[in-house]
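Protein chains in written order, with the numbering used here: chain D, 1 to 116; chain H, 117 to 232. Working notes, beginning with the structure itself.
Below you can see the structure in the form of structure tokens.
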């Protein structure tokens with residue numbers, strides 16, 4: 001079974017600075033998707049960034065980028081120039097790349113606080 | 117705005133009762149999944165429906181059941197409610213073919229269920 005582990009229950013960062021959230025996972029699959037989702041107090045899951053395992057290049061979306069280390073099964077999220085609106089719970093998630101395409105396995109989450 | 121709507125937003129039920137939660141998927145999405153998110157935890161996959169048939173199930177007992185309708189809207193039914201069923205229930209929709217090409221999984225804002 002696939003598992004996703006987020007070892008940082010809480011993180012904080014000063015506005016405009018950079019923060020990195022950690023995630024490790026375990027799978028026997030060779031091709032899969034990894035995601036970072038943001039969950040603000042409204043509780044709606046918002047996709048931040050997505051990485052396909054067969055792509056060696058790290059995904060980037062504006063101020064958000066990942067460091068994908070396939071051999072180490074590590075998938076960290078870097079937030080640059082942090083903004084107050086980035087404060088939320090962040091979840092790392094995994095999905096097989098096959099029939100159950102929308103079956104996500106989530107980590108326990110990291111609560112990010114952004115200090116002004 | 118993801119186009120996925122859930123109802124009701126909040127409800128309180130008594131142990132032993134039954135509950136039905138509803139989800140309206142984004143237009144064109146033929147796959148819907150349900151997740152349970154207990155307080156302070158990551159979402160857990162309940163099951164997925166594709167073209168009105170269950171297509172994958174997580175580690176949840178049979179008293180958790182679902183339906184998907186021809187218009188791709190969906191219901192989650194929980195019988196014989198237990199106190200531990202208190203959680204946020206999230207609906208997620210996606211296009212099966214679209215997922216393979218990397219399209220997004222869209223989440224609703226969830227239904228808060230409290231069992232007393």
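Yeah, the Cβ is synthetic: ideal placement off N, Cα and C, and Gly gets one too.
Nearest candidate by alpha-carbon position, reference residue i, set the options
{"i": "residue 126 of chain H", "options": "H:184, H:209, H:203 and H:133", "result": "H:203"}
{"i": "residue 155 of chain H", "options": "D:43, D:1, D:86 and D:105", "result": "D:43"}
{"i": "residue 74 of chain D", "options": "D:88, D:93, D:14 and D:40", "result": "D:93"}
{"i": "residue 150 of chain H", "options": "H:230, H:223 and H:229", "result": "H:223"}
{"i": "residue 45 of chain D", "options": "H:232, H:189, H:220 and H:187", "result": "H:220"}
{"i": "residue 147 of chain H", "options": "H:124, H:201, H:133 and H:120", "result": "H:120"}
{"i": "residue 41 of chain D", "options": "D:53, D:12, D:64 and D:89", "result": "D:89"}
{"i": "residue 167 of chain H", "options": "H:144, H:180 and H:179", "result": "H:144"}
{"i": "residue 129 of chain D", "options": "D:53, D:114 and D:28", "result": "No information on residue 129 of chain D is available, as it lies outside the stretch 1 to 116 that chain D covers here."}
{"i": "residue 116 of chain D", "options": "D:84, D:105 and D:97", "result": "D:84"}
{"i": "residue 59 of chain D", "options": "D:78, D:87 and D:16", "result": "D:78"}
{"i": "residue 199 of chain H", "options": "H:131, H:188, H:124 and H:135", "result": "H:131"}
{"i": "residue 31 of chain D", "options": "D:2, D:105, D:103 and D:97", "result": "D:97"}
{"i": "residue 17 of chain D", "options": "D:86, D:95 and D:6", "result": "D:86"}
{"i": "residue 56 of chain D", "options": "D:64, D:63, D:62 and D:70", "result": "D:70"}
{"i": "residue 9 of chain D", "options": "H:124, H:157, H:129 and H:123", "result": "H:157"}
Proximal residues of chain D, C-beta to C-beta of residue i below 8 Å
{"i": "residue 314 of chain H", "result": "No information on residue 314 of chain H is available, as it lies outside the stretch 117 to 232 that chain H covers here."}
{"i": "residue 182 of chain H", "result": "Here the premise fails: no neighbours, minimum Cβ distance about 14 Å."}
{"i": "residue 226 of chain H", "result": "43 and 44"}
Partner residues on chain H for residue i, Cβ-Cβ distance less than 8 Å
{"i": "residue 75 of chain D", "result": "None at all; the shortest Cβ gap to chain H is about 15 Å."}
{"i": "residue 91 of chain D", "result": "158 and 159"}
Distance cut-off 8 Å: residue i Cβ against heavy atoms of the ligand HEM
{"i": "residue 198 of chain H", "result": "Absent from the structure shown: the ligand HEM. Ligands present: none."}
Chain H contact residues for residue i, given Cβ-Cβ distances below 7 Å
{"i": "residue 85 of chain D", "result": "Ordered by position in chain H, no residue passes the 7 Å Cβ test against residue 85 of chain D, which lies about 16 Å from the chain."}
{"i": "residue 108 of chain D", "result": "157 and 158"}
Interface residues of chain H facing residue i [CB-CB closer than 9 Å]
{"i": "residue 104 of chain D", "result": "149, 151, 159, 161, 208 and 221"}
Closer than 7 Å at the beta carbon, the chain D residues around residue i
{"i": "residue 119 of chain H", "result": "Going along chain D, no residue has its Cβ under 7 Å from residue 119 of chain H, so there is no contact; the nearest lies around 12 Å."}
Would you call the segment 16 to 28 of chain D in contact with the segment 107 to 116 of chain D, where contact means no fewer than 3 C-beta pairs closer than 8 Å? yes
contact_flag[the segment 125 to 142 of chain H, the segment 193 to 210 of chain H] where n(CB pairs < 8 Å) is 3 or more: Three or more Cβ pairs drawn from the segment 125 to 142 of chain H and the segment 193 to 210 of chain H lie within less than 8 Å of each other, which places the two stretches in contact.
Within 7 Å of chain D by C-beta, residues of the segment 148 to 168 of chain H in sequence order: 149, 157, 158, 159, 161 and 164
Can you find at least 3 beta carbon pairs, one from the segment 47 to 55 of chain D and one from the segment 153 to 163 of chain H, that sit closer than 8 Å? no
Whole runs of the beta strand (DSSP E) within the segment 118 to 206 of chain H, excluding any shorter than 3 residues: 121 to 123, 126 to 129, 135 to 140, 147 to 153, 160 to 166, 169 to 173, 180 to 184 and 190 to 194
Which residues of the segment 46 to 58 of chain D have a Cβ closer than 9 Å to any Cβ of chain H? Give them in chain order. 46, 47, 50 and 52
Threshold first: 4 residues or longer. Then list the alpha helix (DSSP H) segments lying entirely within the segment 26 to 87 of chain D, N to C. none
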